[in-house]
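One structure is given below, encoded as C-alpha cells.
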Amino acid sequence: MNPINHVAIIMDGNGRGGLKNKKSRNAGHRAGLNTVESIIKETLKYNIKYLTLYTFSTENWKRPKKEILFLFNLLESFLTNKLDELIRNGIRLKIIGEKKMFSKKLKNLLKKAEKKTSINKKLQINLALNYGSKNEIINSLKIINSLKKKITQKNIEKNLYTKNIPDPDLLIRTGNTKRLSNF
Ligand code: IPE
Ligand code: IPE
Ligand code: MG
C-alpha cells in the first residue's frame, strides 16, 4: 500500500490565478476544476485511498452572489457529467459539510452521486461543501446530546462528518494565501 493513504487539499488561489492570467475569477475556478480532475487521476494512479477536497467553506457565502452561483453551477455540471466516470474508476463520493441550505436540485444530485458510488472501493473522495470545522464539532455535539451520551473525545470523534476516515497524511493548501483561519 502507498504509505500516503489520505491526501487533503484546501483549494485556494483559483480566483487570483484567473485574474493573473488576465481573465476572470470565474475562469480561475474553471481552471481549478480541471486541476481537480488531474489530481483525481494522479491519486488513482498512486493508489491513494482518500482524497479530501476543501471546496466551499461556511465562510465562502460572504462572496458575491454571482461568484457563488458560478461555483455551484460548476459543481452541478461536474456531478451531472462526470458521475459515470467516477463510477467507472471505482470512486466513492462522500460529502462532508452541511447540505441543508443547498438547492433542492443540488441536494438531489449530491444524494444520487453518493448513493450510486457508495459501493466503490478504489478511492474515496471527500468533498467538503459548506464545510467548517466549528460547524462539524457543533453538529457532533448535537448528535451526542440527542443520544443523551456523555461529551467525551471519543464520542465527539464518533459523530464527526469524518468518522471512519483516517486522518490525512498530507495536507496541501494551494494558492499563496497566508491566512489560515478558515478551518
Ligand atoms: C478557491 O479559490 C476556490 C473556492 C471555491 C473557495 P478562491 O476562490 O479562494 O481563490 P482566491 O483565494 O480568491 O484567489
Ligand atoms: C479557501 O479559502 C479555502 C476553501 C474554501 C476551499 P478562502 O478562499 O476562503 O481563503 P482566502 O480568502 O483565499 O485566504
Ligand atoms: Mg481563497
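The opening position of the sequence shown corresponds to residue 23 in the working numbering, with each subsequent residue numbered one higher.
For each residue, glycine too, the CB sits at the ideal point set by N, CA and C.
(request) Measure the alpha-carbon distance for ILE62 versus ILE141 and round it to whole angstroms. (result) The residue given as residue 62 occupies position 40 in the sequence shown. The residue given as residue 141 occupies position 119 in the sequence shown. Going by the C-alpha atoms only, they are around 18 angstroms apart.
(request) Report the residue from LYS156, LEU193, GLY112 and LEU97 whose alpha carbon sits nearest the alpha carbon of THR139. (result) Counted from its first residue, the sequence shown places residue 139 at position 117. Here the closest residue by C-alpha is GLY112.
(message) According to DSSP, is SER46 part of a helix, a strand, or is it coil?
(response) As a first step, residue 46 must be located in the sequence shown, where it is residue number 24. Three-state DSSP puts SER46 in coil, outside helix and strand.
(request) Specify the secondary structure class of ASN152 as computed by DSSP and reduced to three states. (result) Here residue 152 refers to the residue found at position 130 of the sequence shown. ASN152: strand per DSSP, three-state reduction.
(request) Report whether the distance from the Cβ of TYR76 to the nearest heavy atom of ligand 2 is below 7 angstroms. (result) Within the sequence shown, residue 76 is the residue found at index 54, counting from 1. It does: the Cβ of TYR76 is within 7 angstroms (strictly closer) of some heavy atom of ligand 2.
(request) With a threshold of 16 other CB atoms inside 10 Å of the CB of LEU102, please say whether the residue is buried or exposed. (result) Counted from its first residue, the sequence shown places residue 102 at position 80. Note that residue 102 is Thr in the sequence shown here, rather than Leu. Exposed, by the Cβ-count rule.
(request) Give the DSSP bridge partners of PHE78, in chain order. (result) One-based indexing of the sequence shown puts residue 78 at position 56. In DSSP, PHE78 forms a bridge with LEU151.
(message) Is ILE113 near ligand 2 - that is, is its Cβ less than 7 angstroms away from at least one heavy atom of it?
(response) Counting from 1 along the sequence shown, the entry for residue 113 is found at position 91. No, ligand 2 has no heavy atom inside 7 angstroms of this Cβ.
(message) In the DSSP assignment, the alpha helix (DSSP H) including ILE90 goes from what residue to what residue?
(response) As a working mapping, residue 90 is identified with position 68 in the sequence shown. Where ILE90 is concerned, the enclosing alpha helix (DSSP H) stretches over 87-110.
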